[in-house]
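Numbered by mature numbering (1 follows the signal peptide of the UniProt record, and there is no 0), the letters in the sequence shown go through residues -26 to -1, 1 to 133 in order.
Cβ atoms here follow ideal geometry from the backbone N, Cα and C, with glycine treated the same way.
Below is one structure; the comments refer to it alone.
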Amino acid sequence: MKSFSGKASLMATLVAALVGASSAQAAEIKIGVVLPLSGALSGYGQPSQKGLDIIQAITPTLKNGDTIKLIVIDDKSDKVEAANAMQRLVSSDKVDAVIGEVTSSNTLAMTKIADDSKTPLVSSTATNDRVTRNHPYVSRVCFSDSFQGWSGPIWPPAI
C-alpha cells in the first residue's frame, strides 16, 4: 500500500507542475495517460490508474479554475500499442502532456513521438538510461539504472 500512496503523490505533483501558470479564464487541460491496464504488466498499470482516479476525485478543479481531463489508453502491455497510444494522444486528442508508461521498453517506444510533437512525456518508473538521453521532451521521476547500479553497493553496509 505504501507504493500506491507514493504513486498517487507523484501523479498529484506532476499534475500540479503541469498547470502552474494561472489564466484569467478557466481552461481544460488534457493529459494523456498510457498504462498497461491489461496483459502481463497490468499489475503495474492498474494501481497507477487507481492513483489517478483518487487524485481526480480529490482535486477535480484547480485553484485557478482549470480542470484536468485525463485521457487514458490501455497499451495492453505492448510497446507497439504504447507507441500507437502516444501517437493518438498527440495527433487526435491534442493532449498537453502524457503520463506513462511504467516500463522502460514501452516508454522508449514513445520517446520519438514525444520529441517530434514537442509533447512532454513523464514516466514514474522507466529506469533505462536511454529513456531520457537526447530526448528533451521526456523525463522520469525515478532513479536511472546507472544511478541505482552505482549507489547499490553503498547501502548494505549502512543498514
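Alpha helix (DSSP H) segment containing residue i, residue limits
i: residue 43; result: Unbroken run through residue 43 is the beta strand (DSSP E), 41 to 48; no alpha helix (DSSP H).
i: residue 86; result: 78 to 91
i: residue 55; result: 53 to 65
i: residue 98; result: Careful: residue 98 lies outside any alpha helix (DSSP H) and carries neither H nor E.
i: residue 15; result: That residue, residue 15, is in no alpha helix (DSSP H); it is neither H nor E in DSSP.
Cutoff 7 Å; reference residue i; Cβ partners in own chain excluding five residues on either side
i: residue 16; result: 10 and 51
Short Cβ contact (9 Å threshold) for residue i with residue j
i: residue 93; j: residue 69; result: yes
i: residue 19; j: residue 112; result: no
i: residue 59; j: residue 47; result: yes
i: residue 56; j: residue 96; result: no
Start and end residues, beta strand (DSSP E) containing residue i
i: residue 8; result: 2 to 9
i: residue 69; result: No beta strand (DSSP E) holds residue 69; DSSP gives it neither H nor E.
Close-in-space but distant-in-sequence residues of the same chain around residue i (CB under 6 Å, 5 per side omitted)
i: residue 6; result: 45, 63, 69 and 72
Quick check: the segment 71 to 85 against the segment 52 to 59, are there 3 or more CB pairs under 8 Å? yes
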